[in-house]
Amino acid sequence: MGAGGPQAETDDAPVIYQRSGARGGLLKAGLQQAQWDNPFISHALPAVLQLQRLQGGAAESQAQIRAQLGLELKLYRERLAASGCEWQQAQDASYLLCTYLDEVCNDAARGAGQQPYDGERSLLVEFHDDAWGGEDAFADLQRWLRHEPSPVPLLELYELVLALGWQGRYRVLERGEALLQDLRSQLHAAIWRQREPEPLGAELIAPPPPPPPPEPEAPPRQRWLTPLRGGAIALGVVALAYGAANISLDLLGRPIREALAAWTPPLRTINLATTLPPPLPQLLSEGWLVAYKHPQGWLLVFRSDGAFDVGKAEVRASFQKNIERLGQAFAPWPGDLEVIGHTDRQPIQTSVFPSNQRLSEARARSVADTLRQTAIPGGAQAPDNAVARRIDSSGRGDSAPLDAAQTPAAYERNRRVDVLWKVADAAKGGPGQLSAPQPSVPQTQAPLALAPGVGIGNGPSPLESGYKEQQP
332 MGAGGPQAET DDAPVIYQRS GARGGLLKAG LQQAQWDNPF ISHALPAVLQ
382 LQRLQGGAAE SQAQIRAQLG LELKLYRERL AASGCEWQQA QDASYLLCTY
432 LDEVCNDAAR GAGQQPYDGE RSLLVEFHDD AWGGEDAFAD LQRWLRHEPS
482 PVPLLELYEL VLALGWQGRY RVLERGEALL QDLRSQLHAA IWRQREPEPL
532 GAELIAPPPP PPPPEPEAPP RQRWLTPLRG GAIALGVVAL AYGAANISLD
582 LLGRPIREAL AAWTPPLRTI NLATTLPPPL PQLLSEGWLV AYKHPQGWLL
632 VFRSDGAFDV GKAEVRASFQ KNIERLGQAF APWPGDLEVI GHTDRQPIQT
682 SVFPSNQRLS EARARSVADT LRQTAIPGGA QAPDNAVARR IDSSGRGDSA
732 PLDAAQTPAA YERNRRVDVL WKVADAAKGG PGQLSAPQPS VPQTQAPLAL
782 APGVGIGNGP SPLESGYKEQ QP
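In terms of the numbering used here, the sequence shown is residues 332 to 803.
Put into structure tokens, the structure is as follows:
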């Protein structure tokens with residue numbers, strides 16, 4: 332509901348209208364101080380404002396009030412028609428305004444002990460030939476609330492009249508005030524669905540005048556050293572200093588880099604004939620392997636209590652991982668390997684293994700095949716630093732038991748393989764020191780913490796005639 336600027340119609344001097352039997356001084360009708368965007372409200376405000384002026388004591392009689400408001404209503408209807416408003420909406424707007432003006436004038440006259448309009452016809456009867464405005468105006472409002480599209484300008488006129496205090500039929504109904512507030516809530520929702528709520532007449536408040544434009548300042552003197560140029564110069568100085576420092580550090584560090592490039596780390600050696608290299612000591616500490624010194628190097632004996640099932644040459648799945656780890660431990664160190672198979676003392680005679688000797692040879696071959704995959708170059712699981720070696724296999728049958736007892740537990744321990752690591756043969760070409768450039772081994776070995784009851788045997792190995800197992 333916007334508004335424009337003031338119009339030229341500001342002359343409020345009384346104009347005398349001659350009426351038969353009476354004389355009254357009436358103001359010029361339809362005086363507007365502002366133009367609203369909503370024609371229903373814009374053209375109704377002169378009548379509403381005249382009513383307030385007349386009620387304030389400007390009228391000499393009820394007849395003068397009636398005559399002035401009649402002129403206002405006539406002009407209101409003419410202006411709505413000229414504004415291009417829909418005929419039915421213009422009729423309902425006129426009906427509403429007549430009802431409101433009649434109700435206010437009736438209440439004021441009765442309050443002053445006067446006869447409304449001095450007995451003349453009401454505005455509603457004159458212009459609409461109806462006397463039930465308090466009922467029918469609300470019926471019209473309900474009809475327009477249901478209409479699609481919503482006639483927002485007309486609904487805004489209803490809201491304005493209700494805001495001015497018009498109650499109509501609700502003034503005599505039980506709980507009329509609450510029902511009227513509910514109706515106004517419906518009216519607000521219908522209007523706000525179409526446009527955002529705004530204060531009535533907000534556009535009439537003139538905005539503050541814009542500040543005067545600032546006076547142009549005198550152009551500053553051009554300086555050669557601007558901030559941009561100063562920053563560029565500083566950046567160039569920093570870049571030059573950084574380049575000079577970088578070149579200086581490069582020149583100072585070049586002899587050190589050349590010396591480091593020419594330096595060859597000393598070859599770390601270990602005497603394999605007397606010391607087991609890592610990670611074999613770690614495997615011994617786990618308790619499933621024991622090492623004996625041997626004229627050819629080292630004899631590694633499994634203490635697994637059952638690497639093989641009865642009558643089988645395949646290593647148990649639970650023990651296979653130990654053999655793979657042992658092969659990878661041998662891989663970086665020189666020395667051929669001989670795998671020696673053993674059986675228990677229970678005789679065997681099958682189509683596959685006619686004797687314990689054949690079974691022990693098959694067991695040795697099975698373990699040797701696994702070691703070839705992990706301990707020599709080209710093996711599927713061999714590390715990159717594996718060295719070339721021979722891996723042979725042989726069988727001893729039941730001739731070298733670990734446990735001579737005739738018990739199932741002793742039989743299970745005797746079903747095994749031993750691995751002879753021939754490091755002495757690999758060292759015959761030198762003074763007994765075997766070079767091992769691949770792994771990094773400290774020259775001084777820390778004392779090995781083996782598992783309880785596990786160590787490096789100093790007595791005869793199980794392959795020698797003087798061997799006798801130490802029972803715990």
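Where a beta carbon is used, it is the ideal one built from N, C-alpha and C, also for glycine.
Computed from a predicted structure; not experimentally measured.
Have a look at the DSSP bridge pairing and note the partners of residue i.
i: V646; result: F639
i: L824; result: Absent from the model: residue 824. The displayed extent of the chain is 332 to 803, so no value can be given.
i: W523; result: None; W523 has no bridge partner.
i: H625; result: G628
i: L620; result: F633
For residue i and residue j, I'd like the C-alpha separation in whole angstroms.
i: A520; j: L432; result: 26 Å
i: P832; j: H478; result: The shown model of the chain, from 332 to 803, leaves out residue 832, and the question about it has no answer.
i: N577; j: L702; result: 54 Å
i: T600; j: G666; result: 15 Å
i: G444; j: Q525; result: 45 Å
i: P739; j: V632; result: 20 Å
i: R354; j: A413; result: Annotation note: pLDDT 47 at R354 (below 50); position unreliable, no value reported.
i: L668; j: I587; result: 45 Å
i: W475; j: P542; result: 46 Å
i: G628; j: A622; result: 10 Å
i: L495; j: S373; result: 15 Å
i: W367; j: P377; result: 12 Å
i: A394; j: V492; result: 24 Å
i: Q381; j: Q399; result: 8 Å
i: A549; j: G561; result: 24 Å
i: P447; j: P544; result: 60 Å
i: D734; j: T681; result: 25 Å
i: W710; j: A572; result: Residue 710 is actually Gly in this sequence, not Trp. Rounded to whole angstroms, G710 to A572 spans 57 Å at the Cα level.
Apply the 10 Å Cβ neighbour rule to residue i and answer buried if 16 or more other Cβ atoms are within range, or exposed otherwise.
i: Q282; result: Residue 282 lies beyond the range of the chain shown here (332 to 803); nothing can be said about it.
i: R746; result: buried
i: D513; result: exposed
i: R727; result: buried
i: R554; result: exposed
i: T430; result: buried
i: E409; result: exposed
i: I564; result: exposed
i: N716; result: exposed
i: V754; result: buried
i: R384; result: exposed
i: A648; result: exposed
i: R506; result: exposed
i: V748; result: buried
Taking 6 Å as the limit between beta carbons, can you name the residues of its chain near residue i, skipping five residues before and five after?
i: V569; result: none
i: L511; result: Y501
i: Q298; result: Shown here, the chain extends from 332 to 803; a query on residue 298 therefore has no answer.
i: H459; result: Y426
Among residues of its own chain, excluding the 5 on either side of residue i, which ones have a beta-carbon nearer than 8 Å to its beta-carbon?
i: Q712; result: E655, G658, Q659, Q704 and T705
i: E645; result: F639 and S697
i: I522; result: S481, V483, L486, E487, E490 and P528
i: S725; result: E669, V670, I671, G672, E692 and A695
i: L504; result: L510
i: A699; result: L668, V670, I722, D723 and S724
i: E466; result: G499 and R500
i: A462; result: S453, L455 and V456
Just to confirm my understanding: we take residue i, look at its own chain, exclude 5 residues before and 5 after, and list those with CB closer than 7 Å. What are they?
i: P597; result: none
i: Q764; result: Annotation note: pLDDT 40 at Q764 (below 50); position unreliable, coordinate value reported separately. So the list reads T600 and N602, once near-sequence residues are dropped.
i: A719; result: I707 and P708
i: Q677; result: Y742
Taking 7 Å as the cut-off, is the CB of residue i close to at least one heavy atom of the ligand ATP?
i: A412; result: Of the ligands one can find in the structure shown there are none, so the ligand ATP has no counterpart to examine.
Exercise for the section: Taking 8 Å as the threshold, find out whether the stretch 683 to 694 comes into contact with the stretch 718 to 737 through three or more Cβ pairs. Expected result: yes
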